[in-house]
Every structure is written in C-alpha cells, then in structure tokens.
Amino acid sequence: MFLFHVYSVVNGETSVESQDHDVYRKVATSRAESFVNSYDLGRLKNLQLFFNVGENGYPFYTLFIPLRIMPYTDGRSWARRPGFDRHHGVRQGEELTDEEEEGWT
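Numbering (full-length UniProt numbering), first residue to last: 1 to 105.
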C-alpha cells in the first residue's frame, strides 16, 4: 500500500486519477496522440511539492522531525506543467471526473 501511494505521488496523480489516466491513455493512443498529465512535474518535483520541502518549501530535515508542516497549496489549485492548462490528449467533454463548477463550492 505504501509503495502504491509513493508511486502515485511520484506520478503526480491520485488513486482515482490513476484509473482515469489509464482510460485517457487508451483514448489518446486510439487517435495516434499521447496523453500527458498536466500535473506531473517530474518525480523529484512531485515529491518536493507533496512534502512541501526543497526550493520554496521547508528544509529537507523536516521530513524526519515530527513537525506540523503546512501544505504548499490551498487544496483547490495545484501546480501544473508550464504551458499546460489541461491534460494533453484529452479533449473537452472526454473527462471522466466532475467539472469544478458542478457542485463543488
């Protein structure tokens, strides 16, 4: 279970998004396109953002000391790849998850 969650963090996705991204990859491949997760900033950067350490975050030693560390985000907006405002390879209306406007306030 631990390794599954580390794998998800490293890939910049939640467990639900992991399932969605498998479908998106198949759909994009059927159109001879490639799926790109706009939230995947690279393994190291994903880990740094998740734990809020490194550049613009807390020092790395805070991972080993039981301190309360604030997240880097407000929980509504997340860092994306530069130049991406959405996933590549998924067209408007093909998303499997709810839109932000539909019930989340």
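From the three backbone atoms N, C-alpha and C, an ideal C-beta is built for every residue, glycine too. Since the structure is predicted, the reported quantities are computational estimates derived from the model, not experimental observations.
Contacts around GLU13, its chain only, beta-carbon distance under 8 Å, and the 5 residues preceding and following it disregarded: Residue 13 sits at position 13 when you count from the first residue of the sequence shown. Here the set comprises HIS21, ASN37, TYR39, ASP40.
Per DSSP, cross-strand counterpart(s) of HIS88: For this step, residue 88 is matched to residue 88 along the sequence shown. Beta-bridge pairing links HIS88 to VAL36.
Straight-line gap, GLY83 to LEU67 (C-alpha atoms, nearest Å): The residue you call residue 83 lines up with position 83 of the sequence shown. The residue you call residue 67 lines up with position 67 of the sequence shown. So the alpha carbons of these two residues sit roughly 35 Å apart.
Selection from TYR24, LEU44, VAL9, PHE4 that minimises the alpha carbon distance to ARG86: On the sequence shown, position 86 is the one that residue 86 refers to. When only C-alpha atoms are compared, the closest one is TYR24.
Spatial neighbours of PHE2 in its chain, beta-carbon cut-off 6 Å, leaving aside the 5 residues before and after: Counting from 1 along the sequence shown, the entry for residue 2 is found at position 2. So the list is empty, once near-sequence residues are dropped.
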